[in-house]
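Chemist: In our numbering, the protein residues as written are 1 to 260.
Encoded structure:
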């Protein structure tokens, strides 16, 4: 019997034909043992889960940062908001939260004016104490003006042992002529006109009574609600005070306000 002839390998065979005859990765995968193939799939699944967990951690960190920012904003927001409501309660009222009615501005101006100039015992002591006590209700420029006025009055002997009281001239309050008592200059400042009677006492005796018109300048200054819930400040005067001619009867009981 003749032996089968084996073709000799041609050293000049084409390389691409040789590469096609070699087994590929998919074919080699079949040659792997079952345990190794299972381990390969497990590692791929573990890598996929690890990447998913990493993305979830990044999302959690981002949510935590957003919540922290919201918490800071909530904490820094004002806990109280002042809304000025007109004193006329016969009917309902719809108001913008930032709008301040003229009645409230007039009441604020009169109240601070009286308190600043309330000298119940000794003007030399009470005037300076009022400037310090009402610091949150006056502007820095007005405080400087009042301090200079205090020094001038003290040097001229107008404060020592002096007691003063003020009250509105009857028939010249806000309800009698509201259109001239509070004039709106802008959304943030007003002119409040006070017609005031001032009684001055020395040693228990009435030594002076003067009637004057004071054009107070009131501005919006909502910078410290803890010390100034009104959101307004007295900015001294919008003009020189004017003397009013006439006589006015004093009230039965002394007023707690004192004029400047």
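Virtual Cβ for every residue (Gly too), placed ideally from N, Cα, C.
With DSSP as the reference, label residue 140 as helix, strand or coil.
Modeler: helix
Chemist: Is the Cβ-Cβ distance between residue 184 and residue 102 less than 8 angstroms?
Modeler: yes
Chemist: For residue 199, write down the residues that DSSP places opposite it in a beta bridge.
Modeler: 165 and 209
Chemist: Taking the alpha carbon of residue 226 as the point to measure from, which residue in 53, 137, 217 and 42 has its own alpha carbon closest?
Modeler: 137
Chemist: If we call anything under 8 angstroms between Cβ atoms a contact, is residue 124 one with residue 154?
Modeler: yes
Chemist: Identify the continuous beta strand (DSSP E) that holds residue 185 and give its terminal residues.
Modeler: That run of the beta strand (DSSP E) goes 182–186.
Chemist: Once DSSP output is grouped into helix, strand and coil, what is the label at residue 176?
Modeler: Coil at residue 176, not helix or strand.
Chemist: Among 182, 203 and 63, whose alpha-carbon lies nearest the alpha-carbon of residue 105?
Modeler: 182
Chemist: Hey, would you say residue 189 sits closer than 8 angstroms to residue 217, going by beta carbons?
Modeler: yes
Chemist: Look at the Cβ atom of residue 220, then the Cβ atom of residue 193, and state whether they are nearer than 8 angstroms.
Modeler: no
Chemist: If you follow the beta strand (DSSP E) that residue 232 is in, where does it begin and where does it stop?
Modeler: 232–237
Chemist: Who are residue 242's beta bridge partners in DSSP?
Modeler: 213
Chemist: Excluding the 5 residues preceding and the 5 following residue 238 in the sequence, name in chain order all residues of the same chain whose CB lies nearer than 6 angstroms to its CB.
Modeler: 191, 215 and 217
Chemist: Going by CA-CA distance only, name the one from 197, 160, 179 and 178 that's closest to residue 166.
Modeler: Of the residues 197, 160, 179 and 178, the one whose Cα lies closest to the Cα of residue 166 is 197.
Chemist: Measure the CB-CB distance between residue 234 and residue 131 and report whether it falls below 8 angstroms.
Modeler: Not a contact, by the Cβ cut-off of 8 angstroms.
Chemist: Rounded to whole angstroms, what is the Cα-Cα separation between residue 48 and residue 38?
Modeler: 16 angstroms
Chemist: Nearest by alpha-carbon distance to residue 236: which of 199, 222, 56 and 110 is it?
Modeler: 110
Chemist: On the criterion of 16 or more Cβ atoms from any shown chain inside 10 Å, does residue 158 qualify as buried, or is it exposed?
Modeler: exposed
Chemist: Any idea which residues DSSP pairs residue 119 with across the strands?
Modeler: 164
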